[in-house]
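Heads up: the sequence shown begins at 74 in the numbering used here, then just goes up one per residue. What follows is a set of notes on a single structure, which appears directly below.
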Amino acid sequence: QVQLVESGGGLVQAGGSLRLSCAVSGSIFSINAMGWFRQAPGNERELVATIIRGTTTKYADSVKDRFTISRDNAKNWVYLEMNSLKPEDTAVYYCYIYSGIKNYWGQGTQVTVSS
């Protein structure tokens, strides 16, 4: 059974930094993409950053030049380094994996940025 567990969320002041981690356990035959979505209250879940086929990275325009996604290929863990945080970055952040057949999701970790 595949499980994704996020950690690293919390409360930070605007301009601060956080590093999210996603620990992946279980067996996945292949990983087409993995990364992070986020969902703020009243908003739809939106893509923040993703790594496609282990090499290509994509970011939401709102986080470009502030967030960096990385992956530990040996463990299939994924990280999100978040710098220069803004109050509008406040959301629950979800780790995901797309195997090519289905999506796997973590339970989410809350990030709150105070002004």
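Glycine included, each C-beta is placed from N, C-alpha and C at the ideal position. Quantities reported herein were computed from a predicted structural model and do not represent experimental measurements.
- What's the call for D134, buried or exposed, on a 16-neighbour Cβ count within 10 Å? exposed
- Query: DSSP beta-bridge partners for V68?
  - Reply: Nothing can be reported for residue 68, as the shown portion of the chain is limited to 74 through 188.
- Among all the DSSP beta bridges, which residues are the ones paired with F102? Per DSSP, none; premise fails for F102.
- Residue from L84, S90, V85, Q76 whose Cα sits closest to the Cα of L153: S90
- Item | Same chain only: Cβ atoms within 6 Å of G181, ignoring 5 sequence neighbours per side | V165, Y167
- Kindly indicate the opening and closing residues of the beta strand (DSSP E) around T182. 182–187
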